[in-house]
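*Asks:* Next up is a structure, given as structure tokens.
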Amino acid sequence: MKAPNGIIALDADGVLLDYGTAYAGAWAKAFGKKPALRESEAYWPIDRWEVQRLTGERLNRFRAAFDEDFWSTIPAVSGAVDACNRLVQAGFDLVCISALDGAYAKARSRNLATLGFPIERVIVTGGQEGDQSPKADAIQQLQPVAFVDDYLPYHRGLPAAVHKALILRDPVGSPNVGAELAHIDSQHADLRDFANWWVDHGTRTK
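Positions 1 to 206 (the numbering used here) are the ones given, in order, by the sequence shown.
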């Protein structure tokens, strides 16, 4: 059945899923010890944890930890499942659009289902950055009423009719600054904040 109020497209990492915490787990899997916390409000995991920039064999070992199991077991962002349930109860259909390699699409879907997210459709786009968001084509085809992402450059080149909501998590080193903020329709602390705002009055803004 078609959702009466349309589709809301949601990013995964940083919006639905706590990639920053999972990153520390991948480090522990690769090197045998979970890194200490360096800066709890850092946007990028490499700045959040006491880790080194890697090259050569150690980098290859770390990359190998980002396997099917990793992409199937990332924990949920606090409050994100409840936020999604509120949006669904309000009559919206939720679709996840993730800048993830296509090889892990099923793992991402399995991860969301295991955590109890009411999201049946996952679209993966790859993550190449440029003048246009790698998610723009998918959003153009989907035509959601709103798109929620925590990375400002991924709002580039989206249809004007789509409400662009930016999650302003973890301010230290955040890329979510500058002139491009003028193109964002709303800003929120997390998905729960967006869901409450959208259901209460955001649907009347466009």
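We put the CB at the ideal spot given by N, CA and C, even for glycine.
Closest by CA to alanine 9, which one among Ala113, Val122 and Ser78?
*Replies:* Along the sequence shown, one-based indexing puts residue 9 at 9. When each option's Cα is compared against that of alanine 9, the closest is Val122.
*Asks:* Compute the distance between the beta-carbons of lysine 135 and isoleucine 97, then report whether it is under 7 Å.
*Replies:* Numbered from its first residue, the sequence shown carries residue 135 at position 135. Numbered from its first residue, the sequence shown carries residue 97 at position 97. Closer than 7 Å, so yes.
*Asks:* Pull up the DSSP beta-bridge partners for glutamine 187, would you.
*Replies:* Your numbering for residue 187 matches position 187 in the sequence shown. Looking at the DSSP assignment, glutamine 187 forms a beta bridge with Leu166.
*Asks:* If you reduce the DSSP assignment to three classes, tell me which class tyrosine 19 lands in.
*Replies:* Indexing the sequence shown from 1 puts residue 19 at position 19. Tyrosine 19: helix per DSSP, three-state reduction.
*Asks:* Using a Cβ-Cβ cutoff of less than 6 Å, which residues in the same chain neighbour valine 124 once the five nearest sequence positions on both sides are dropped?
*Replies:* As a working mapping, residue 124 is identified with position 124 in the sequence shown. Excluding positions up to five away in sequence, the list reads Ser98, Leu100, Gly102 and Ala105.
*Asks:* Spell out the partners DSSP gives alanine 9 in its beta bridges.
*Replies:* Along the sequence shown, read from residue 1 onward, the residue named residue 9 stands at position 9. Answer is Val95 and Phe147.
*Asks:* Among Leu37, Asp82 and Gly130, which one has its Cα closest to the Cα of aspartate 190?
*Replies:* The count along the sequence shown starts at 1 and reaches residue 190 at position 190. It is Asp82 whose Cα lies nearest to the Cα of aspartate 190.
*Asks:* What span of residues does the alpha helix (DSSP H) with arginine 108 cover, start to end?
*Replies:* Translated into positions along the sequence shown, residue 108 becomes position 108. Taken as a continuous stretch (DSSP letters only), the alpha helix (DSSP H) holding arginine 108 covers 105 to 115.
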